[in-house]
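Visitor: First to last, the protein sequences are chains A and B.
Just so we're aligned: the first sequence equals residues 49 to 389 in our numbering.
Just so we're aligned: the second sequence equals residues 2 to 480 in our numbering.
Note that the Cβ used here is the ideal one computed from N, Cα and C, for glycine as well.
Keep in mind it's a predicted model, so treat the numbers as computed, not measured.
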Amino acid sequence: MSLLQLLWYFLIGLLFALFLILDGADFGAGMSTRFLATNYDEAALVLRTIGPHWSGNEVFLVAAGGSMFAAMPMWYASLFSGFYLLLFFILVALIFRGVSFEFSENAETRKGRNRWMWANFFGSVFIPFLFGMLFTDMIQRLPMDGQGNIYVSLLNVINPLSVLGGITLTALCLYQGLHYIALHTAGLIRYHASAMASNLYWLAYPVEILVVIALYFQTNFFETHLISTVVVLALIVATTIWGQITSATGHEVQAYLASTSTIALLVILIFVGLFPNLLNAENPAHTISIVNASSSPYTLVVMTIVACILLPIIAIYFTWSYISQFHRISLKDMEDTNSGY
Amino acid sequence: MLNLGLSVLPLARIQFAETTIFHFFFVPMSIGLALIVAIMETFYAVTKKPIYKTMTRFWSKIFLLSFAVGVVTGLIQEFQFGMNWSDYSRFMGDIFGAPLAIEALLAFFLESTFIGVWMFTWDKLKPGWHALMIWLVFFGSAISALWILAANSFMQHPVGYRIDPKTGHALMTSFAAILTNKQLWYEFPHVIFGALVTGGFIVAGASAWMIFRKKWPEFFRKSMRIGLTVGLIAVCGSFLTGDQQMLYLSHQQPMKFAAAEGEFQNVKSPASWTAVEIAHTNEHKADFKIEIPYLMDILTYHKLSGSVTGMNETNAKLHKKWNKQFGKNMNYYPPVNTLFYSFRIMAFGAVVLAFLAICGLWFSRKKKNTIGKQWWLTLLLTVATFGPFIINTCGWLVTERGRDPWVVYGLLPIAKAVSPSTTAGSVLFTIIIYFFLFATLGVFMFMYARKALYKGPEGVGDHESYDTEDPFSKEAFEK
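1. Thinking just about the alpha-carbon of each residue, which of Ile-353/A, Pro-360/A, Ser-337/A and Phe-64/A is nearest to the one in Met-49/A?
2. I'd like to know whether the C-beta atoms of Asp-244/B and Ser-344/A end up nearer to each other than 7 Å.
3. Taking the C-alpha atoms as reference points, what is the distance between Gly-388/A and Tyr-45/B?
4. Less than 6 Å between C-beta atoms, sequence neighbours within five positions excluded: which residues of the same chain meet that for Ala-13/B?
5. Exposed or buried, what is Lys-304/B when buried is set at 16 or more other beta-carbons lying within 10 Å of its beta-carbon?
6. Give me whichever residues DSSP pairs with Ile-269/B in a beta bridge.
7. Beta-carbon within less than 7 Å of Met-122/A's beta-carbon, same chain only, minus the 5 sequence neighbours each way: which residues are those?
8. What does the Cβ neighbour count give for Leu-3/B, buried or exposed, with the cut at 16 atoms within 10 Å?
9. Go ahead and label Tyr-41/A buried or exposed: buried means 16 or more other beta carbons lie within 10 angstroms of its beta carbon, across all protein chains shown.
10. Should Cys-356/A go down as buried or exposed, given a rule of 16 or more other Cβ atoms within 10 Å for buried?
11. Let me know the secondary structure DSSP gives Ser-372/A once reduced to three states.
12. Tell me whether Val-255/A counts as near the ligand NAP, meaning its Cβ is closer than 6 Å to at least one heavy atom of that ligand.
13. Taking Cβ-Cβ distances below 9 Å as the criterion, which residues of the stretch 101-118 of chain B are in contact with chain A?
14. When Cβ atoms are compared, which residues of the stretch 334-353 of chain A fall closer than 7 Å to chain B?
15. Nearest CA to the CA of Ile-234/B: which residue from Lys-215/B, His-252/B and Gly-201/B?
16. Can you give me the Cβ contacts of Leu-381/B inside the same chain, cut-off strictly under 7 Å, excluding the 5 residues immediately before and after it?
17. So, does the CB of Ala-178/B fall closer than 7 Å to a CB anywhere in chain A?
18. Any idea what DSSP makes of Arg-490/B, helix, strand or coil?
19. Need the endpoints of the alpha helix (DSSP H) that Ala-312/A sits in, please.
20. Comparing alpha-carbon positions, which option in Phe-437/B, Ser-154/B, Ile-392/B and Thr-371/B lies nearest Val-236/B?
21. For Thr-423/B, would you say it is in contact with chain A, using Cβ-to-Cβ distances shorter than 7 Å as the test?
22. Can you check which of these residues, Trp-56/A, Leu-70/A and Leu-66/A, is closest to His-227/A by C-alpha distance?
23. Out of curiosity, what's the CA-to-CA distance linking Tyr-304/A and Glu-112/B?
24. Helix or strand or just coil, what does DSSP make of His-227/A?
25. I believe Met-211/B touches Gly-373/B by the beta-carbon criterion, under 8 Å. Please report the beta-carbon distance rounded to the nearest angstrom.
26. Please report the distance separating the alpha-carbon of Lys-49/B from that of Val-38/B.
27. Can you tell me the Cα-Cα spacing of Ser-270/B and Thr-230/B, whole angstroms?
28. Which of the three DSSP states is assigned to Ser-337/A in this structure?
29. Pull up the distance between the alpha-carbon of Phe-174/A and that of Thr-218/A, whole angstroms please.
30. Within 7 Å (strictly less), CB to CB, does Gly-114/A reach chain B?
31. Give every residue of the same chain whose Cβ lies closer than 7 Å to the Cβ of Leu-66/A, excluding the five residues on either side of it in the sequence, and list them in chain order.
32. By DSSP, does Asp-405/B sit in helix, in strand, or in coil?
33. Would a check of beta-carbon distances place Leu-3/B closer than 7 Å to chain A?
34. For Glu-479/B, which three-state DSSP category applies?
35. Determine, using beta carbons only, whether Leu-429/B comes closer than 7 Å to chain A.
36. Can we say the stretch 161-174 of chain A touches the stretch 242-253 of chain A, given the rule of at least three CB pairs closer than 8 Å?
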């Protein structure tokens, strides 16, 4: 394995992690429009907090997918064609979520706006749920042929681990969203968000225990990467506790950092557990690994140069877009801006 | 899943056509509208006249709707190369992935970040800085076209690659060659001009409809003139670039060129141009030809002599060249009627648009504005709103169907590109769901755009009347 292959494996993981961390908050906010918000105005307030950022956050997914295609095309091709219908439903959810912001802005009546808020809600629930399924499906042994084609059965897609994976990621995004709302709103909803998060964290522990059991039975993580898997799992439990305590005590920044770390650790768990393979075949001879999935050294060099130039620039203006627009929004601000728009 | 006697390949092709055509309704629309909105906001930043601020906010509503639909349907594109065309992705990943990833890093981040800033900083940033945000969105979306077309150009005309003897996959040997691919520099400006035509005529056509309905005539006259100016310049630009592209095609992809002109037999110098025909692609001949002498040479070579190689001769050459590698059963004829008529609709449509733009600019000039009385023109311009969508689609049909039977010209036939693991049943299922999904998006998008239009400048909080006919002015008394 070359250094560049390793670097791109890391970068793909980083981009997916950033997608789940940043857009995860948007999904959580979308879910909060029904779970947290008690009325229409609060729901609109919640969506307003993510309004300027969600489309930029979503680009991390496009960048992750594009990098996968560019740096490890065999992985991209096998995974995306193998889990065809799962990815299709992810797309449908992404499409409904994606148009809901603009469409609800344009809908004339409250009923019309509400319709698109529901679209946002369902999109926000299903995107992390289905991605959670995909990430936990792809770490299991898969029926593959020598060309890397995956012929999934229903059981390869829907199984205990993947359902738990879906629940885990959905719950994590909800925590992330609640912490984000606590950081970006003023008024009662700010405290409700923290309180709700700290209560919902009780759900996390039983799910985490079940995930560990399912991981043991359905993946080879404990055989191939015993120490790192155990360490990462322990850290996940630790950051969950951290998140619960800080949201209960009103340390909003820390709570956001805690759920951010949990999501990052989840991606680390998967990417470390797979390493150096990408897709484990039932017939070990057909397994796709970083080495045989990667692009040529020339392409990797080109992509590395491009990434080295562009990523720092993106980091600067992307961070600026968050910092320059950071302010707590209250229900009163919403009334003021509505009259102007 | 279900086996209905259907095979995956045609279904995957139908789905690709369905998703790309629908996506490409909104891509040129948002690129074009982004430029027009940026121009309007720049006018405001420079002149500080409130009408331009109202214009910016008014047209941005329609722009943002198209942007939203363009982005979500673009996600499909990113996924479907892997989902439906996994063997293509394996063959081309080393080359195709790089521009796609760069597109995301260079273009999508730029446009998506700054559109978020732009939408929420109307009152926070000074007009000049705020206008800069929308210019960044425009550059982001225009640059994205460059990268995706770099990938497409490789498929039309592969350069800077070698074939890996072990795997048979294409490997990149020169990134510079891929970026300097001649095909790309014919395609890219043509597509950008096409996008500006789209944006220009949407603004002009929608404005013309409102002028026809006698609502806020001055506001919409000004909007229409901006739209028509951009539209007219862009139509001229797309003619020039399209003309260059055809000349290039005539020797680079002679099959596509001959099919677009409907010529099975060689045409001797001086070559006549076929205006109408019915092609029988399978029998390699055409009926009902109506020809105009010399016109082919004038249009293609810009002189009065020159011959054209027909499809039949090219077909024989291609068989000779590729029979060993790809077998005798390859069919090198593209669907001739599709190409022939798509090309004519595109070119003829552009002429009509140029004519309407000149008329519109003439009748709406400030000195002698009679556009409110030219009901025929405003109605025609309204219909022309939808023209660019058809024209763009026809252009892509020529380019993409003209590459048949290749997905990567001379390297990979379409039949070998499809995902082996997908089933016909699942692709049929997704085609149907996409259809209803797109219909829903299209209907709502149109409905909301129409609603925004009918609210006029009042919809963005401007209650100025914008009426040219001041009841107390001199002209009003004289009437």
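Guide: In short, the structure shows the following:
1. To locate residue 49/A, count along the first sequence from 1; it is residue 1. Taking only the C-alpha atoms, the option nearest Met-49/A is Ser-337/A.
2. Residue mapping note: residue 244/B aligns to position 243 of the second sequence, counting from 1. Residue mapping note: residue 344/A aligns to position 296 of the first sequence, counting from 1. Ser-344/A sits away from Asp-244/B, with the two beta carbons spaced by 7 Å or more.
3. Counted from its first residue, the first sequence places residue 388/A at position 340. Counted from its first residue, the second sequence places residue 45/B at position 44. Any answer about Gly-388/A is weak, because its pLDDT of 35 lies below 50 and its placement is not dependable; what the coordinates show is given next. About 18 Å.
4. As a position in the second sequence, residue 13/B is number 12, starting the count at 1. These residues qualify, in order along the chain: Asn-85, Val-419 and Val-428.
5. Indexing the second sequence from 1 puts residue 304/B at position 303. Under this definition Lys-304/B is an exposed residue.
6. Stepping through the second sequence from its first residue, residue 269/B is reached at position 268. Inspection of the sequence shows that residue 269/B is occupied by Lys rather than by Ile. The partner list for Lys-269/B (beta bridge, DSSP) is empty, contrary to what the question assumes.
7. Within the first sequence, residue 122/A is the residue found at index 74, counting from 1. The answer, listed in chain order, is Gly-196, Ile-336, Asn-340 and Ala-341.
8. Taking the second sequence and counting its residues from 1, one reaches residue 3/B at position 2. Residue confidence is low: Leu-3/B scores 48 on pLDDT, short of 50, so the model does not pin down where it sits. No coordinate-derived value is stated.
9. Outside the modelled stretch of chain A, which goes from 49 to 389, sits residue 41/A, for which no answer is possible.
10. Here residue 356/A corresponds to residue number 308 of the first sequence, with the count starting at 1. Looking at its Cβ environment, which holds fewer than 16 other Cβ atoms inside 10 Å, Cys-356/A is exposed.
11. For the purposes of this step, residue 372/A is identified with residue 324 of the first sequence, where counting begins at 1. Helix.
12. Within the structure as shown, the ligand NAP is missing, as the structure has no ligands at all.
13. Within the stretch 101-118 of chain B, the residues whose Cβ lies closer than 9 Å to some Cβ of chain A are Leu-101, Ala-102, Ile-103, Glu-104, Ala-105, Leu-106, Leu-107, Phe-109, Phe-110, Leu-111, Glu-112, Ser-113, Thr-114, Phe-115, Ile-116, Gly-117 and Val-118, listed in chain order.
14. Of all residues in the stretch 334-353 of chain A, only Ser-343, Ser-344, Tyr-346, Thr-347, Val-350 and Met-351 place a beta-carbon less than 7 Å from a beta-carbon of chain B.
15. Position 233 of the second sequence holds residue 234/B. Distance check between Ile-234/B and each of Lys-215/B, His-252/B and Gly-201/B places Gly-201/B closest, using alpha-carbon atoms only.
16. Walking along the second sequence from the start, residue 381/B turns up at place 380. Excluding sequence neighbours, Leu-381/B sits near Leu-357.
17. Your numbering for residue 178/B matches position 177 in the second sequence. By the rule that beta-carbons nearer than 7 Å mark a contact, Ala-178/B does not touch chain A.
18. Because chain B in this structure spans residues 2 to 480, residue 490/B falls outside the shown range and cannot be described.
19. As a first step, residue 312/A is located in the first sequence; it is residue number 264 there, counting from the start. Where Ala-312/A is concerned, the enclosing alpha helix (DSSP H) starts and stops at 300-322.
20. The count along the second sequence starts at 1 and reaches residue 236/B at position 235. Cα-wise, what sits closest to Val-236/B is Ile-392/B.
21. As a first step, residue 423/B must be located in the second sequence, where it is residue number 422. Yes, because at least one Cβ of chain A sits closer than 7 Å to the Cβ of Thr-423/B.
22. One-based indexing of the first sequence puts residue 227/A at position 179. When the alpha-carbon of His-227/A is set against those of Trp-56/A, Leu-70/A and Leu-66/A, the nearest one is in Leu-70/A.
23. As a position in the first sequence, residue 304/A is number 256, starting the count at 1. As a position in the second sequence, residue 112/B is number 111, starting the count at 1. A straight-line Cα-Cα distance of about 27 Å links Tyr-304/A and Glu-112/B.
24. One-based indexing of the first sequence puts residue 227/A at position 179. Reduced to three states, the DSSP call for His-227/A is helix.
25. In the second sequence, the residue the question calls residue 211/B occupies position 210. In the second sequence, the residue the question calls residue 373/B occupies position 372. About 11 Å; that fails the 8 Å criterion.
26. As a working mapping, residue 49/B is identified with position 48 in the second sequence. As a working mapping, residue 38/B is identified with position 37 in the second sequence. Straight-line measurement puts the Cα of Val-38/B at about 15 Å from the Cα of Lys-49/B.
27. Reading the second sequence from its first residue, position 269 is the one you call residue 270/B. Reading the second sequence from its first residue, position 229 is the one you call residue 230/B. Between Ser-270/B and Thr-230/B, the C-alpha separation is close to 39 Å.
28. Translated into positions along the first sequence, residue 337/A becomes position 289. Looking at Ser-337/A - three-state DSSP - the assignment turns out to be strand.
29. Counting from 1 along the first sequence, the entry for residue 174/A is found at position 126. Counting from 1 along the first sequence, the entry for residue 218/A is found at position 170. Rounded to whole angstroms, Phe-174/A to Thr-218/A spans 8 Å at the Cα level.
30. In the first sequence, the residue the question calls residue 114/A occupies position 66. Yes, its Cβ sits closer than 7 Å to a Cβ of chain B.
31. Your numbering for residue 66/A matches position 18 in the first sequence. Hits under 7 Å: Phe-108.
32. The residue labelled residue 405/B in the question sits at position 404 within the second sequence. Three-state result, Asp-405/B: coil.
33. Locating residue 3/B in the second sequence gives position 2, counting from the first residue. Low confidence applies here, because Leu-3/B scores a pLDDT of 48, under 50, leaving its location unreliable; read the following figure in that light. So, not an interface residue.
34. If you number the second sequence from 1, residue 479/B lands on position 478. Confidence at Glu-479/B is low in this model, with a pLDDT of 48, below 50, so the placement of that residue should be treated as unreliable; the coordinate-derived value is given next. For Glu-479/B, the secondary structure class from DSSP, reduced to helix, strand or coil, is helix.
35. Within the second sequence, the letter at position 428 stands for residue 429/B. Closer than 7 Å: no.
36. No: the two stretches stay apart, fewer than three of their Cβ pairs being nearer than 8 Å.
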